[in-house]
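Down below is the structure, laid out as structure tokens.
Numbering (our numbering), first residue to last: 21 to 344.
The structure is reproduced here in structure tokens:
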């Protein structure tokens, strides 16, 4: 299937075309990369809302996304979910079980769920998540939810490719003071304390109060109106707090559009995308057969103690410059 053949059904919202397009952009074959580049370049601009969602494993991200996404589809919106599963560093495989965990949303005709392997890519997202976001937007989805691997405070790359960054936390997790630390906390636009129901309702409210106090200690950001970032309790099981959370998200997105921050953030996302592609292209040069042979030789000498690691790296960089 050529790029032109794929573009037309994609813009019509064809689910199979969307799946094939994402498979194309995830491919590492040189001819597929060229076709994927042409396809992405042909896509129109979009006003869809990109929402990144992060949180520690077990906090209920998939359960929250299913409940939240179902609520949005009931309001007439089309929702795409890009769920990134961690890849094994030993076998390279991933479970890709989000379609099983989001069984109802996966069957929803107004929703599209696509699990992808992280493939050891850092930052909690897959390498081609940016392209997948653009494809979902072109297919007519109003909201794109990016669920990250969920590995902790270093998981901030998703904030560079989303309009809103939501941090999902569990009540009484024992880490309320983490709110005063830099890192993932200062990236969040909205903190949602999940599982605020039953016996955990009171601990969830206390946790919200703790995080609200911690957020007030952070430096004010120009892209935030008064009262943001905000902490709120929600329950993915009962649905409590989900409408209020969505109202906060829409208010923040609308305010940023009116204040001009939305376009600036999108422009910064484009720049980050360029830098990521540039770095990926440079790293790909190390995967060439002659480069791998040179790396293997230098690595063996370092292992034997015949060459310091810093000197070996310098010689490899010199070799790359001379080979160009």
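Backbone N, C-alpha and C fix where the C-beta goes; we use that ideal spot for every residue, glycine too.
Delimiting residues of the alpha helix (DSSP H) encompassing residue i
i: residue 294; result: 281-305
i: residue 319; result: 309-323
i: residue 341; result: 329-343
i: residue 124; result: 123-127
i: residue 158; result: 149-158
The beta strand (DSSP E) enclosing residue i, as first and last residue numbers
i: residue 182; result: No beta strand (DSSP E) holds residue 182; DSSP gives it neither H nor E.
i: residue 165; result: 163-167
Member of the options whose CA lies at the smallest distance from the CA of residue i
i: residue 251; options: 288, 190 and 181; result: 190
i: residue 285; options: 223, 259 and 178; result: 178
i: residue 232; options: 243, 208, 221 and 219; result: 208
i: residue 16; options: 100, 30, 155 and 205; result: Since the first residue of the chain shown is 21 and the last is 344, residue 16 is not available in this structure.
i: residue 343; options: 323, 305, 318 and 333; result: 305
i: residue 228; options: 219, 214 and 218; result: 214
i: residue 15; options: 30, 91, 75 and 84; result: There is simply no residue 15 to check, as the chain begins at 21 and stops at 344 in what is shown.
i: residue 217; options: 210, 211 and 225; result: 225
i: residue 210; options: 181, 247, 333 and 242; result: 247
i: residue 83; options: 259, 132, 230 and 242; result: 259
i: residue 245; options: 318, 89 and 275; result: 275
i: residue 10; options: 254, 204, 242 and 317; result: The shown model of the chain, from 21 to 344, leaves out residue 10, and the question about it has no answer.
i: residue 249; options: 263, 333 and 273; result: 273
i: residue 53; options: 337, 80, 300 and 230; result: 300
i: residue 148; options: 212, 56 and 310; result: 56
i: residue 92; options: 32, 132, 310 and 303; result: 132
i: residue 78; options: 256, 269 and 330; result: 256
i: residue 164; options: 341, 88 and 279; result: 88
i: residue 25; options: 48, 58, 49 and 50; result: 58
i: residue 290; options: 230, 86 and 154; result: 154
i: residue 75; options: 268, 278, 104 and 269; result: 104
i: residue 368; options: 48, 49 and 180; result: In the structure as shown, the chain starts at 21 and stops at 344, and residue 368 therefore has no counterpart that could be examined.
i: residue 33; options: 162, 326, 341 and 268; result: 162
i: residue 48; options: 204, 81, 35 and 307; result: 307
i: residue 90; options: 303, 263 and 212; result: 263
i: residue 269; options: 80, 204 and 212; result: 212
Inter-residue CB distance, residue i and residue j (contact presumed, cutoff 8 Å)
i: residue 184; j: residue 71; result: 5 Å
i: residue 123; j: residue 60; result: With 8 Å as the limit, residue 123 and residue 60 do not qualify as a contact, their Cβ atoms being about 31 Å apart.
i: residue 134; j: residue 102; result: 6 Å
i: residue 339; j: residue 314; result: 6 Å
i: residue 3; j: residue 167; result: With the chain represented from 21 up to 344, any question about residue 3 goes unanswered, as that position is not in the structure.
i: residue 46; j: residue 136; result: 7 Å
i: residue 265; j: residue 223; result: That belief does not hold up - the Cβ atoms of residue 265 and residue 223 are roughly 19 Å apart, past 8 Å.
i: residue 243; j: residue 271; result: Actually they do not touch by this definition, with Cβ atoms about 13 Å apart.
i: residue 86; j: residue 125; result: 5 Å
i: residue 318; j: residue 327; result: 7 Å
Any non-hydrogen atom of the ligand MG closer than 6 Å to residue i Cβ
i: residue 133; result: This structure lacks the ligand MG, and indeed carries no ligand of any kind.
Notebook entry, point to check: Hey, which unbroken runs of the beta strand (DSSP E) at 3 residues or more fall wholly within the segment 47-104?
Noted result: 69-74
Next item on the list: Mind listing, in chain order, the continuous beta strand (DSSP E) runs of no fewer than 3 residues lying wholly within the segment 201-261?
Entry: 210-213 and 250-253
Item checked: Inter-stretch contact (C-beta, 8 Å, three-pair minimum) for the segment 84-99 and the segment 292-306 -> no
Next item on the list: Would you be able to state if there are at least three C-beta pairs under 8 Å between the segment 227-241 and the segment 54-69?
Entry: no
Next item on the list: State whether the segment 157-168 contacts the segment 31-48, with contact taken as three or more CB pairs (one from each stretch) at a distance under 8 Å.
Entry: yes
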